[in-house]
């Protein structure tokens, strides 16, 4: 089963604009991660934010986490056509035995138009 | 190796046949994971190995699915009596600290 839900399911923007994707989840988490996937094959790890962190930056990426609302957002600034991909959030739960198991959302398909 | 390697990249099999999917993780990564991804969905957890043992196999859908990692490195996902509903991309990932995963490119399994 999938814990996370990404919003929107699809997003289309012009090159240079910012893209914001949101993720909601259901259970208490140890950390939340964002991944990118091109063409339905291997996923690439983008960024990890721990449950005691509220915001994290990596290059053009900014991630926020609100554990009280069980939600996270991924902001990609100054988007490029090469950012076109599917983006997934994934949560690592706290419960013993599953702290290393990631539960993925259903993804946001981002299209950046040149 | 430099990344996680999965073979074959594509597999077409007839309903009822047995298939094996192989994953070669990053050298030194003790944790290895198998996920399954259907079209338009996020990956779904199947099984997690820590070393040679399956630490969590709660995601395996039924007893037709089995995975091994006998020497704590390469892993094989085995599916018996394949069904059309097993068609999906099977993804393998490894990690060293249980944090960010490194995924392979996946095996696209098609059961006809």
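Protein chains in written order, with the numbering used here: chain A, 5 to 118; chain B, 4 to 115. Glycine included, every Cβ here is placed at the ideal spot set by N, Cα and C.
Here's a check: name, in chain order, each residue in its chain whose Cβ is nearer than 7 Å to the Cβ of residue i, leaving out the five neighbours to either side.
i, result
"residue 55 of chain A", "33, 34, 35 and 71"
"residue 85 of chain A", "19, 116 and 118"
"residue 54 of chain B", "33 and 75"
"residue 119 of chain B", "Any property of residue 119 of chain B remains undetermined from this structure, which presents chain B solely from 4 to 115."
Between residue i and the rest of its own chain, which residues show a CB-CB distance below 8 Å, the 5 nearest in sequence each way excluded?
i, result
"residue 115 of chain A", "14, 15, 16, 17 and 88"
"residue 21 of chain B", "81, 82, 83, 84 and 85"
For a contact meaning CB atoms closer than 8 Å, what does residue i contact in chain A?
i, result
"residue 108 of chain B", "45 and 46"
"residue 27 of chain B", "Correct list: empty, because the minimum Cβ distance to chain A is about 14 Å."
For residue i, go through chain B and note every residue whose CB falls closer than 9 Å to its CB, in chain order.
i, result
"residue 106 of chain A", "36, 38, 46, 48, 96 and 104"
By Cβ distance below 6 Å, which residues in the same chain neighbour residue i in space, the five residues on each side in sequence not counted?
i, result
"residue 39 of chain B", "47, 49, 91 and 93"
"residue 66 of chain A", "79"
"residue 28 of chain B", "7, 35 and 97"
"residue 53 of chain A", "36, 60, 67 and 69"
Going along chain B in order, which residues have a C-beta closer than 8 Å to the C-beta of residue i?
i, result
"residue 110 of chain A", "43, 44 and 45"
Residues of chain B with CB under 7 Å from residue i, in chain order?
i, result
"residue 37 of chain A", "103"
#### Entry: Against chain A: residues of the region 37-50 of chain B by CB proximity under 9 Å
38, 40, 42, 43, 44, 45, 46, 47 and 48
### Query
For the region 60-77 of chain B against the region 92-110 of chain B, are there 3 or more C-beta pairs whose distance is under 8 Å?
no
### Task
Anything in the region 51-64 of chain A with a Cβ closer than 7 Å to a Cβ of chain B? List those residues in chain order, please.
52
### Message
Is it the case that the region 72-92 of chain A contacts the region 41-54 of chain A, given that we only count it when at least three CB pairs across the two stretches are under 8 Å?
### Response
A contact between stretches requires three or more CB pairs, one per stretch, nearer than 8 Å, and the region 41-54 of chain A meets this requirement with the region 72-92 of chain A.
### Query
Listed in chain order, which residues of the region 72-92 of chain B have Cβ atoms closer than 7 Å to some Cβ of chain A?
Only 92 from the region 72-92 of chain B bring a Cβ to less than 7 Å from some Cβ of chain A.
### Every unbroken beta strand (DSSP E) inside the region 50-84 of chain B [3 residues or more]
56-59, 68-71 and 78-82
### Task
Go through the region 81-115 of chain A residue by residue and report every complete run of the alpha helix (DSSP H) that reaches 4 residues or more, in order.
none
### Runs of alpha helix (DSSP H) wholly within the region 47-75 of chain A (minimum 4 residues, chain order)
For the alpha helix (DSSP H) assignment, the region 47-75 of chain A encloses no uninterrupted run of at least 4 residues.
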